[in-house]
Amino acid sequence: MSKKHITDNWYIKVHDAKGDYEKVGDYIPERKKMPESIITTSPNNDHWNNWPGIDSITIKEIMSPKKRIKKLTKVFEKMLKVMDIDQNSIHFKETPERMARMYVNEVFKGLYFPEPKFTVFDDDSEEMVFLGGIDVHSTCGHHFAAIKGTAAIGYIPNGKLVGISKLARITDYFARRPQVQEMLVADIADYLMEKLKPKGLGVYIAAQHGCIIARGAMQNDSIMKTTALRGCFLKDKTVAEEFYRNISL
Ligand SMILES: [Zn+2]
């Protein structure tokens with residue numbers, strides 16, 4: 001988990017005649033003319049939008065993990081009550097808080113914590129770099145059921161390499177949020193294309209989805225496989241073949 005301290009904050013984006021202005025914080029120095037109460041108190045869109053010169057404004061609360069856990073605990077308490085689960089029982093007493101901590105700190109941590117450090121270094125290798133067998137633990141966005149599988153990533157460098165462990169960390173970062181598997185491979189691929197700028201890359205995930213194993217279609221042994229190819233992996237058949245061969249080894 002990131003050591004970066006996350007505090008409660010407001011994300012504020014103002015669009016006016018001068019262009020866009022973005023700020024994370026509870027205060028906009030350039031707009032000191034605005035009443036302090038508007039800037040620092042709970043944002044009210046109507047109030048902001050009536051301010052002269054502002055075309056539009058986006059305000060979003062950035063909650064600290066601590067505050068989110070506190071709020072979620074209250075929600076899960078209500079949820080368990082509606083589900084008729086006895087919260088006086090020793091087994092369910094701490095469940096709302098346990099669930100809140102699990103979602104914020106583990107299962108959906110990719111939504112609430114900064115991405116892991118991604119440092120690249122110069123290198124003139126031209127051969128494929130491949131890492132397979134990367135653990136994938138994710139959550140299906142449709143049912144909030146567990147997704148469990150493995151990922152493989154291959155890339156052809158273009159003057160830069162990244163430490164191999166970062167490929168696993170980035171996979172985990174994007175996996176820890178609710179989603180569909182088709183999105184997950186694309187998210188990882190697009191992120192690596194942007195940060196590493198390789199000649200091309202492939203991301204492959206094979207995973208089992210709790211939502212069709214334990215319910216619905218009840219397909220115990222089903223495995224979903226998704227791939228995202230970019231750059232030379234799309235254009236050059238031999239590169240794509242090398243990638244797939246590595247996966248099957
Ligand atoms: Zn599902």
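For the sequence shown, this note's numbering gives the first residue as 1, with consecutive numbering after it. Cβ coordinates follow ideal geometry from the N, Cα and C atoms, glycine included.
When we look at the beta-carbon of F243 and count the other beta-carbons within 10 Å, is it buried (16 or more) or exposed?
By the neighbour-count rule (16 or more Cβ atoms within 10 Å), F243 is buried.
DSSP beta-bridge partners for L161?
The partner list for L161 (beta bridge, DSSP) reads F121.
Roughly how many angstroms separate the alpha carbons of A175 and Y103, rounded to a whole number?
Those two C-alpha atoms are separated by around 13 Å.
Specify the secondary structure class of V180 as computed by DSSP and reduced to three states.
If DSSP states are grouped into helix, strand and coil, V180 belongs with coil.
Keeping to the same chain, check which residues put their C-beta closer than 6 Å to that of R31; ignore five residues upstream and five downstream.
Annotation note: pLDDT 41 at R31 (below 50); position unreliable, coordinate value reported separately. Closer than 6 Å at Cβ, skipping near neighbours: no residue.
Report the rounded CA-to-CA distance for E126 versus I90, giving the unit in angstroms.
E126 and I90: Cα-Cα distance of roughly 59 Å.
Reducing DSSP to helix, strand and coil, say where D190 ends up.
DSSP places D190 in helix when its eight states are reduced to three.
Kindly provide the chain-ordered list of residues whose Cβ lies closer than 5 Å to any non-hydrogen atom of ligand 1.
Those satisfying the condition are, in chain order, C140, H142, H143, C211.
DSSP has L201 in a bridge; who is on the other side?
Its beta-bridge partners are Y155, R230.
Residues in its own chain within less than 8 Å of L111 by CB, not counting five upstream and five downstream?
Excluding sequence neighbours, L111 sits near R176, R177.
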